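Residue numbers (the numbering used here): 7 to 153.
Idealized CB from N, CA, C, for every residue including glycine.
These numbers were taken from a predicted model, which means no experiment stands behind them.
Worksheet: the structure to be examined is printed underneath.
In structure tokens form, the structure reads like this:
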């Protein structure tokens, strides 16, 4: 009976070790391909950026649009320009009024960095939204890394 317990514990140990190893590999396999400043192309009060990452078997595009009172974030996982997964999240900045009064010299960017982000909406992203942002990325880069 004790031998059976030992075998079960050994099996569980190796199972968890393999899962941890796989998770580490998945994280380290994410590589930044391109970071694009879209402040001139997408209307927003505080700027916008698009980051393209290569994952193990797909690509990940993260679009952030910054505003005075909040931020929109869209995350797309795709392969061959076809959406696999996508989410759109809206955040509002929540600042302590006392902080704002005491630090009137802070720029709006400093205020955004100090503010707490509160999620106010979350929805599923669609293929059309992915198509809209992929036209900012070089086609050769997509063909080489996201097939």
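In this structure, how does DSSP classify residue i when only helix, strand and coil are distinguished?
{"i": "residue 55", "result": "strand"}
{"i": "residue 144", "result": "coil"}
{"i": "residue 132", "result": "coil"}
{"i": "residue 74", "result": "coil"}
{"i": "residue 47", "result": "coil"}
{"i": "residue 151", "result": "helix"}
Using the beta-carbon count (16 or more within 10 Å), is residue i buried or exposed?
{"i": "residue 139", "result": "buried"}
{"i": "residue 77", "result": "buried"}
{"i": "residue 67", "result": "buried"}
{"i": "residue 56", "result": "buried"}
{"i": "residue 80", "result": "buried"}
{"i": "residue 134", "result": "exposed"}
{"i": "residue 149", "result": "exposed"}
When the Cα atoms are used, what is the spatial distance from residue i to residue j?
{"i": "residue 151", "j": "residue 39", "result": "8 Å"}
{"i": "residue 97", "j": "residue 45", "result": "19 Å"}
{"i": "residue 86", "j": "residue 144", "result": "14 Å"}
{"i": "residue 126", "j": "residue 36", "result": "28 Å"}
{"i": "residue 58", "j": "residue 65", "result": "7 Å"}
Can you round the beta-carbon distance between residue i and residue j to whole angstroms, since I take them to be within the 8 Å contact cut?
{"i": "residue 72", "j": "residue 54", "result": "7 Å"}
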